[in-house]
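Q:
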Amino acid sequence: MLEVRYRTARTLPLGRVEARPAGVAIRPAEAEARFVLRIRSTEGEIAGLPLNRPINTVSGDDRRWIARLGPDEWLIGVPEGEADLLQTSAASDLAGRAHSLVDVSNRNVGIDVEGARADELLNAGCPLDLGEAAFPAGSATRTLLGKAEIVLIRRAGAQPRYRVECWRSFATYVHDFLKEAGLGIGEG
Amino acid sequence: MAQPFRLSRGGRIDRSRPIVFEFNGRPIHGYQGDTVASALIANGIHLVGRSFKYHRPRGILSHGPDEPSALLSVDRGPGRVDPNNRASVVEARAGLRTKSQNHWPSLEYDIGAVNDLLSPVFVAGFYYKTFMWPRKFWDRVYEPFIRAAAGLGKAPTQADPDRYANRHAHCDVLIVGAGPTGLAAALAAARTGKRVIIADEGPEPGGALLHDPKAEIDGRLASEWLAETLADLDARENVILLPRTTVFGYYNHNHVAMAERVTDHLPSAAGQAPRERLWQVRAGEVVLAGGAHERPLVFADNDRPGILLAESVRVFLNRYGVAPGNRLVVATSGASAYQVALDAKSAGLDVTLVDLRLETDCGPEVTRLRQAGVEVLTGHTVVGSKGRTRVSGLIVAPVESNGRCGARRVIACDCVGMSGGWTPAVHLFSQSRGKLRYDDGLDAFVPGTSAQAERSAGAAKGTYDLAACLNEGFAAGAAASGSSETHSFGASATLTGFQPVRVMPTDADPKKVRAFVDYQNDVTAKDIKLAVREGFQSIEHVKRYTTTGMATDQGKTSNMNALGIVAGQLDKALPAVGTTTFRPPYTPVTFGALVGPARHALFDPIRTTPIHGWAESHGATFENVALWRRAWYFPKAGEDLHAAVARECKAVREGVGIFDASTLGKIEVVGPDAAEFMNRMYVNPWAKLANGRCRYGLMLKEDGYILDDGVVARVSDECFHVTTTTGGAARVLGHMEDYLQTEWPDLQVFLTSTTEQWAVIALQGPKARNVIEPLVDGIDLSPDAFPHMAMRTGTICGVPTRLFRVSFTGELGFEINVPTDHALAVWEAIYAAGQPHGITPYGTETMHVLRAEKGYIIVGQETDGTVTPDDVGLAGMIAKTKVDFVGKRSLARPDVVATTGRKQLIGLMTEDPKLVLDEGAQIVADPNQPIPMRMLGHVTSSYWSPNCDRSIALALVADGRALMGKTLHITTPDGFTRATVSEPVFFDTKGERVNA
Amino acid sequence: MLLIACPYCGNRPETEFRCGGQAHIARPEQPGALDDQNWSEYLFVRKNPRGVHAERWNHAHGCGRWFNALRDTVTDRFIETYPMGERPRSEQGGATAPAATSDIQSEARA
Amino acid sequence: MRRFSLTSLLSESMRGHTGWGRQWRAPEPKPRYDVVIVGGGGHGLATAYYLATVHGITNVAVLEKGWIGGGNTGRNTTIIRSNYLYDESAALYEHALKLWEGLSQELNYNVMFSQRGVLMLAHNIHDVQSFKRHVYANRLNGIDNEWLSKEECKEFCPPIDISSHLRYPVLGGALQRRAGTARHDAVAWGYARGADARGVDIIQNCEVTGIRRDASGTAIGVETNRGYIGAGRIGVVAAGHTSTVMNMAGVSMPLESYPLQALVSEPVKPIFPCVVMSNAVHAYISQSDKGELVIGAGTDQYTSYSQQGGLHITTHTLDAICEVFPQFTRMRMLRSWGGIVDVTPDRSPIIGKTPVQNLFVNCGWGTGGFKATPGSGHVFAHTLATGTPHAINAPFSLDRFRTGRLIDEAAAAAVAH
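Chains as they are written, first to last, in our numbering: chain A, 1 to 188; chain B, 1001 to 1996; chain C, 2001 to 2110; chain D, 3001 to 3417.
(1) Is residue 3060 of chain D near residue 3200 of chain D, with beta carbons less than 7 Å apart?
(2) Assuming residue 3191 of chain D is part of the alpha helix (DSSP H), what are its boundary residues?
(3) Quick check: the Cα distance between residue 2028 of chain C and residue 1250 of chain B, rounded to an integer number of angstroms?
(4) Comparing alpha-carbon positions, which option in A/185, A/184, A/186 and A/166 lies nearest residue 14 of chain A?
(5) Quick one, which residues of the stretch 2030-2062 of chain C are near chain D if we go by CB-CB under 8 Å, in chain order?
(6) Is there contact here, the stretch 3115-3130 of chain D with the stretch 1144-1161 of chain B, by at least three beta-carbon pairs under 8 Å?
(7) What is the DSSP secondary structure of residue 3003 of chain D, counted as helix, strand or coil?
(8) What residues from the stretch 173-184 of chain A come within 9 Å of chain B, judged by C-beta to C-beta, listed N to C?
(9) I want to verify the contact list: residues of chain A whose CB lies under 8 Å from the CB of residue 2077 of chain C, in sequence order.
(10) Please state if the CB of residue 1073 of chain B and the CB of residue 1083 of chain B are separated by a distance shorter than 7 Å.
(11) What is the rounded straight-line gap between the Cα of residue 1693 of chain B and the Cα of residue 1791 of chain B?
(12) Confirm the yes/no value for this check: CB of residue 3150 of chain D, any heavy atom of the ligand PLP, distance under 6 Å.
(13) Within 10 angstroms of its Cβ, does residue 1381 of chain B collect 16 or more other Cβ (buried), or is it exposed?
(14) For residue 1062 of chain B, does the three-state DSSP call read helix, strand or coil?
(15) Checking contacts by CB at 7 Å: is residue 1629 of chain B closer than that to chain A?
(16) Can you tell me whether residue 1926 of chain B is buried or exposed, with buried defined as 16 or more other CB within 10 angstroms of its CB?
(17) Using a Cβ-Cβ cut-off of less than 8 Å, give me the residues of the stretch 67-97 of chain A that come near chain C, in sequence order.
(18) Answer with buried or exposed for residue 1808 of chain B, where buried requires no fewer than 16 other C-beta atoms within 10 angstroms of its C-beta.
(19) Compare the Cα-Cα distances from residue 3117 of chain D to each of D/3273, D/3067 and D/3246 and report the closest residue.
(20) Using the Cα positions of residue 11 of chain A and residue 60 of chain A, report the straight-line distance between them to the nearest angstrom.
(21) Bridge partners for residue 1375 of chain B per DSSP, in chain order?
(22) Residue 2010 of chain C versus chain B: which residues are under 7 Å apart at the beta carbon?
(23) If residue 1629 of chain B sits next to residue 1647 of chain B, beta carbons under 8 Å apart, how far is it from one beta carbon to the other, in whole angstroms?
(24) What does residue 1604 of chain B touch in chain D if you count any residue whose Cβ is under 7 Å from its own?
(25) Find out if the Cβ-Cβ distance for the pair residue 1188 of chain B, residue 1598 of chain B is shorter than 7 Å.
(26) Could you confirm whether any beta carbon from chain C is found closer than 7 Å to the beta carbon of residue 3373 of chain D?
(27) By the DSSP assignment, the beta strand (DSSP E) with residue 1022 of chain B in it spans what residues?
(28) Please compile the residues from chain A whose C-beta is within a distance smaller than 7 Å of the C-beta of residue 2064 of chain C.
(29) Classify residue 1696 of chain B as helix, strand or coil using the three-state DSSP reduction.
(30) When burial is assigned at 16 or more other CB atoms within 10 Å of the CB, is residue 1040 of chain B buried or exposed?
(31) Inspect the beta-carbon positions of residue 1238 of chain B and residue 1193 of chain B and report whether they are closer than 7 Å.
(32) Counting only the same chain and skipping the five closest in sequence on each side, list residues whose C-beta sits under 8 Å from that of residue 1619 of chain B.
(33) Could you list which residues in chain B have their beta carbon closer than 7 Å to that of residue 2085 of chain C, in chain order?
(34) Helix, strand or coil for residue 1082 of chain B? Go by DSSP, reduced to three states.
(35) Over what stretch of residues does the beta strand (DSSP E) that includes residue 1339 of chain B continue unbroken?
(36) Let's test the definition: count the other Cβ atoms within 10 Å of the Cβ of residue 1690 of chain B and tell me whether it reaches 16, buried, or not, exposed.
Pasting the structure below:
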């Protein structure tokens, strides 16, 4: 019973209302579980998610994903209900190897940004080259949006789809920034 | 509706779309496609401003961004008024209200023009030589007078309702300028499929082609070629063509800044679209094709309205379909102005051409013009002009073979087009730190050695022939995009070549001649010569002494003339005098564009905790702490800060208070070497700290001064839950990572920020245990099982918690760490459960008072980056047995081990218990000593203590611990007050309550 | 804004990075053994050269890694970047980096 | 030296100003001088001037590799104030401020010292504490500095937005009324003219390429692109290039050189009556006599001698300016530029002896050297003339980094907790 109460009581800071400036959907993501994994070797996998993919890429799918943010750092996202499972499988998958797996489900807030001009919108504050060659679907990196740090993940799709992850206390700023950026690119 | 100077046909204006705007309250009729300047000229208006110093009547000199004189205030509606707009650049649109500047009472009759009579006194640098006596008069009389006279337009005073946008962009090839050169470059680069951005400051791409309707390219009219080229580029996905976009800054590593004007030209503010957009482009390669600027001729009274640059006359005729006058004299020292005369002639103007060059030095252009029926006077100089608010005649004279001037002749006219040759726009090249090279043949500085991945082409490097520009542009575009494609353009020939001229030869008394070099700053050739005479010989000195080239046009038309005059005066070659290093921006850029969306709430992130909304709805007042907004105090109706804090303080000590400590930084330190790492980073010992126990950690910088502090819990053998100060969170994590990665990569430790994973609810006061007891599962809260400075895991309200038994108040206390998304629910549950116990929410101010009553320091308040552990009485925290930790060596420095003189933390009890000292007040032993006084230290914290029923203060005082019981004197706003030195703990001095 | 080649992430804008000053200043193994002069030189004295400079950078808003770079302080051009613990490949780095050593402690800030 | 006055100006205006001579000569270097000053900025020229006027030492050369006043003297935002916290700094900057107050008359050159007041805005409680600490310390050191409520700030400087909805609302400010601005170029030129008139040789386009030392290690002269010049004593006052010059004598310095940017707006009619500094949001602004808003930006994070920084430094500064003065978004940036500032570990200058006999240094002024120009020159002249520091610059020794007696004004203004 406690488990149920715990799951349902999570209050996300941005709500779930979608904005659509310039045809780009800006949609706060629903509750997810996220973990920071730190380990120095890239062998094997964790709960079926691979560790040995190149730095600045994401593997898995929209529901279960692992983004390699640095040589020994991964950000992992799984559905809320799989949080315990992930921790359990990590314990066995990584047994005997020095590592750190820290639950940051509540630290991070996700915002999905989708639309033909999504890269243009993000480039209002993100200084990276988001072109097809430099940042194709499957890319993921920590970077900046205006004056906030974000993790930017590009997902596969017919039109550009991005996940912006930021820390909870920056979520209002990041969300407002994205909406303002939408107005800034105009209708053209 | 009459536009008496509008030609009956021609130009790129849209005659089907008439518009009306205002100039000085008078309606001005024009067409879509006009600039304010072209519409004014169409209506016969040339007088548009008064000069900066002498208030001389000034007109429109140019058709472009180099315009120095025609600066207008433009009003686009409420809050949308700004000064110093170049009439030649502002696109005319319905509803604009424009005004001339720098005159009183009116443009036509300006009292300030009296300065013109005083011009013999107001020479370059005159203010350095006077206004010094009497001394007081500088601040009260002279300077206010100078200031009132200075400045051009009036600054906006209202907040700006417009929006500004920012865009980072990347491309393989960035092309600056969409004239023939830039477009040819774009064609070449675009075909490779590489990403191309081409930007042009004008509203319409085409550059010089827009006013050259008779030119031909590859066998068709230039206008047709232009349309085809634009259609070609437009059809390509890989090309972004940006009109109205000025490339203004060339920074490191091909970072190029551009300002796009998005809506100013639109008839009405376009909904929510931004006014301007800053583009920050990172380009693989840059092609600079920004063209060239024409030089004015320097002769007496060369500044009368109606005197324009020659090419600008042609632009007004051909592009805008307006005649700058009926009777035109073209004065030149080069060939390009002959085309102006030809076009003017065919537009129906009376034209005379005066050329300084000897007939033998001229090309076929002379014959061509004469064949067209225009009088051409070669070997003639211009010695002056006639007129007042409009030129009425040009005074010319032949130059004899001995260099003297022959008989003067006045050519009646209402318009002059002058050309002293051309200056390539090397601004961006110079900004890129490329090295300029002086080209004698071109009489100009041209791009020399590149410093970044860029190349110049066309007029920007001194190539003026149309076919050559196209070929150079194409080659540059191909090279920049790695293409080997070549193309040889055919185009009609261009008249090029000029004879350099600094000051036109004259027969007048040089002391009386006022020939302007810098129009806007009213700098004459005479001023420049004076500066050189006074020993200012570097061009930078001359610029600064005379202010030439320092006006809003940044000397685009004047720099080469000024440089030439200095070189002539010093009898040196031009490059020996030096040239200016160009700096951004190329043309002025609004602050708004540079700020972009970073205004208001987006200026800096406002970080809030999950309890923020609750605090707001419970009436909290907030304070800014670093980026966070924290609840400061919770006033009830009628309470001020002091009343609320007094109530909150009492409530905590007598019952229970609840405080949002979520902003504390948190770091999860994990790994086999975690304890060893902690040992190296903190002064304290960690190896023996038991799991489930906490320790107050103190961290130093390598210089021995306190960096941060916070409670650390050992979660397990290989895991520490570290807390930091609110403002120190990022700093501490960075500090730890630095040492971990760079000094001790052998340590197996991983750091993860959990500041925002855990919200922290501090529950403090004797009844704290009673409140949470019913809510907690899995933790034995009894004092024996869960002592002070312990940490347990379990659940509270069904939510997993790391429950700390710690206290920053000296009371029994808990810091309840729960996952952030659950914090509000838990907070509300605790608040509800606490009602029977009188639970009281408190803010940061009460937190400060309570900890001060106990003498607990706050890093950043008791410490200021120059304080050691011993200074604040925390030497006992330092592990005695550790050989090393960060900062340890510095604690052995002579100044730190000095036996006297260190400032030490003490308490202060004012003799008047009601008096609360000012934080920051200074402390002396003898208030009657002469100034400068010897200060012993300062008050770091000071409050009214409701629990002590008196004021209390903490202070850092030299050798303070030896002064217990002594009286010191503390500054107050009115003088001094007395206080007694005490131990820095005021309440529960034995520290018993925390163990309750 | 500089463009910096992070050894792990490739070319990235400067705003993602923090500069950590002169590289190859290893923290003494036994700070306590240094006299005041040597300790103050470790803390405070810097080469501050006009020309090629070996310096530390942290890709703070990226992969989080510290690394070294050779940069010309007159032109701001980067000659190369290389991971911590390695030495520059280019010859220009020879003047700024200490000779190779097997001691991991003194290589640390390398 | 032809005296400047209204009378001489008027009489010259009758004859086309043909009677004005050079403000300073362009002499060939002599083989030897009693004192050679390396660096022809404001501090170096002031040193030469006071060597001549106070100490009677006129066999002096000032060597400048470019044109005088072309370094940070001509690139700063000209803020002058003395309301520093620590006794040592307060004494140094107040010494300078007192000299500023009579400088135009002293030099017979209008340096346009304008005591418009410098207002430092407090945006959080920590600022308030810190500024009051300054106000009180200044009072006991005899330096004017007063605390203003936010309403008083608004009254003193009407363009300030004091509304509480700002991201960082203004809570009050510290005002030094005697503080202000001056015309930077005129300071260099005025000292140059004054020194030259007393016999000092100001030698431009003369770059020092080496420092010659005798067998005992004592400095005896400098190598330059115009030949060797012998010197009794050498004073290095080469802001931005101190490390390079000192390296020529084998001395490593606790210095790092950073780009510092500044910018001006287009000129407008008077709108801004004083200097406003806002440390919390990093904004410094005043209006020049020409009408330009003069805005100081921050340093870049890396060392560089390029005199060019990144655009993001400029945009951050303007973000802050437009937050406090939202009406300025439609103003336009006209010029921006960069200087090279030498920064010491405690951000205070080093003025005094070096390990090399007869070699002295005056450096490390960071972002705030202009305000000290007269005082710096005055005490450095004393140091060069007597071989020992003046009481005012004695605490600013190179040695303090060993003894730990740092003078860390920036740390004392500590960051928010």
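Here a beta-carbon is modelled for each residue, glycine too, at the ideal position from N, C-alpha and C.
A: Well, looking at it:
(1) For residue 3060 of chain D and residue 3200 of chain D, yes; Cβs fall inside 7 Å.
(2) Per DSSP, residue 3191 of chain D belongs to the alpha helix (DSSP H) from 3184-3197.
(3) Going from the Cα of residue 2028 of chain C to the Cα of residue 1250 of chain B covers about 43 Å.
(4) Of the listed residues, the one whose Cα sits closest to residue 14 of chain A is A/166.
(5) Against chain D - using a Cβ distance shorter than 8 Å - the residues of the stretch 2030-2062 of chain C are 2036, 2037, 2040, 2041, 2043, 2044, 2045, 2046, 2047, 2048, 2049, 2050, 2053 and 2055.
(6) Note that the stretch 3115-3130 of chain D does not touch the stretch 1144-1161 of chain B; fewer than 3 beta-carbon pairs, one per stretch, sit closer than 8 Å.
(7) Collapsing the DSSP output to three states places residue 3003 of chain D in coil.
(8) Within the stretch 173-184 of chain A, the residues whose Cβ lies closer than 9 Å to some Cβ of chain B are 173, 174, 176, 177, 180, 181, 183 and 184, listed in chain order.
(9) Listed along chain A, no residue sits closer than 8 Å to residue 2077 of chain C by beta-carbon distance, the nearest being about 20 Å off.
(10) The Cβ-Cβ distance between residue 1083 of chain B and residue 1073 of chain B falls below 7 Å.
(11) Residue 1693 of chain B and residue 1791 of chain B: Cα-Cα distance of roughly 6 Å.
(12) Because no ligand of any kind appears in the structure shown, any question about the ligand PLP cannot be addressed here.
(13) Its Cβ being crowded by 16 or more others within 10 Å, residue 1381 of chain B is buried.
(14) Here residue 1062 of chain B carries a coil assignment [DSSP, helix/strand/coil].
(15) Closer than 7 Å to the CB of residue 1629 of chain B there is not a single CB belonging to chain A.
(16) By the Cβ neighbour-count rule, residue 1926 of chain B is exposed, with fewer than 16 other Cβ atoms within 10 Å of its own.
(17) If the cut-off is 8 Å between Cβ atoms, the stretch 67-97 of chain A has 69, 70, 71 and 73 near chain C.
(18) Counting of Cβ neighbours within 10 angstroms places residue 1808 of chain B among the buried residues, the total reaching 16 or more.
(19) Looking at the Cα atoms, D/3273 is the closest of the given residues.
(20) Each residue's alpha carbon lies about 27 Å from the other.
(21) In DSSP, residue 1375 of chain B forms a bridge with B/1352.
(22) Below the 7 Å Cβ cutoff, chain B contributes no neighbours of residue 2010 of chain C, its closest Cβ being approximately 13 Å away.
(23) About 22 Å; that fails the 8 Å criterion.
(24) The contacting residues are 3167.
(25) The answer is no: Cβ separation not under 7 Å.
(26) Not closer than 7 Å to any Cβ of chain C, the Cβ of residue 3373 of chain D fails to qualify, so no.
(27) It spans 1014-1023 - the beta strand (DSSP E) in which residue 1022 of chain B sits, taken as one unbroken run.
(28) Those are 70 and 73, listed as they occur along chain A.
(29) Of the three classes helix, strand and coil, the one that applies to residue 1696 of chain B here is strand, per DSSP.
(30) Residue 1040 of chain B is classed as buried because its beta carbon has at least 16 other beta carbons within 10 Å across all chains shown.
(31) For residue 1238 of chain B and residue 1193 of chain B, yes; Cβs fall inside 7 Å.
(32) Within the same chain, residue 1619 of chain B has close Cβ partners 1634, 1635 and 1636.
(33) Residues of chain B whose Cβ lies closer than 7 Å to the Cβ of residue 2085 of chain C are, in chain order, 1745.
(34) Strand.
(35) Segment 1336-1346 is the alpha helix (DSSP H) holding residue 1339 of chain B; no beta strand (DSSP E) there.
(36) That one is exposed.
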